[in-house]
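Colleague: Here you go, one structure.
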Amino acid sequence: MIPKAENIESWHPAGGQLEVALLQIMQRHHHESLCQRKQTERAKMDAVRSAARVADLLVATVDGGVQELYINEKRIELEARALLATIAWYRKQTDQWLAATNAINSVLKEIGDFENWMKIMDFDSCLSDGLQADAFRTMHYDRRSKYDAIVVTGDARFTRLHVHQLELEKTNLLLPGTLYPLQEHCPGKL
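This note's numbering puts the sequence shown at residues 13 to 202.
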């Protein structure tokens, strides 16, 4: 510690002016160096605060764009997930509609197959009935009536022409001008 100038006379018997002046210069230098140190510390603290603020502003500027991009990315991800869920729902609905349509097509095919089978059975039963009637007629009758045979001519069709004969005529299996024996109608047929 540096002694003060007013106390120098008490401890120094000569009490010289030169020493007092040197002590004052030392005290002033010490005081100025303390002030300089405080000012340097304040300037250093201000510079650190300013640098931190600049760094924070730079980070905020960069992070602001990054944060906005991150929020947009999350929003896009959520929308993509919602879109995928909607697509999955529509795919499921489409599969259900396709299954229902295939089931309806199968049922319609079965109905058509059954209808064809019924027509074939009806045709076969009428054919067998006609053959039985022809056999019975040839066994019990010696002479034929004028309606026991028909002649198919062009577009002319007789009302008593049997269903399977009409079908044969449609498929060109009956030849116009050919004599065909007339068969009895099946019960329930016109």
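Think of the CB as a built atom: it goes at the ideal place given N, C-alpha and C, for glycine as much as any other residue.
Measure the C-alpha to C-alpha separation of residue 123 and residue 147 and round it to an integer number of angstroms.
Modeller: 35 Å
Colleague: Whole angstroms are fine: how far does the CA of residue 98 sit from the CA of residue 72?
Modeller: 38 Å
Colleague: Suppose only complete runs of 4+ residues qualify. What are the alpha helix (DSSP H) ranges in the region 65-110, listed by chain order?
Modeller: none
Colleague: When the cut-off is 7 Å and only beta carbons count, does residue 29 lie next to chain D?
Modeller: Of the protein chains in the structure, only one exists, and it is not chain D.
Colleague: Which same chain residues, not among the five before or five after residue 88, have their C-beta less than 8 Å away from its C-beta?
Modeller: none
Colleague: Assign residue 142 to one of three DSSP states: helix, strand, or coil.
Modeller: helix
Colleague: Is residue 124 helix, strand or coil by DSSP?
Modeller: helix
Colleague: At the level of alpha carbons, what is the spacing between residue 96 and residue 114?
Modeller: Residue 96 and residue 114 have their C-alpha atoms spaced approximately 26 Å apart.
Colleague: Just to confirm my understanding: we take residue 47, look at its own chain, exclude 5 residues before and 5 after, and list those with CB closer than 8 Å. What are they?
Modeller: Nothing listed; no residue qualifies.
Colleague: Using the Cβ count rule (16 or more neighbours within 10 Å means buried), how would you classify residue 142?
Modeller: buried
Colleague: Could you tell me the alpha carbon to alpha carbon distance between residue 111 and residue 126, rounded to whole angstroms?
Modeller: 22 Å
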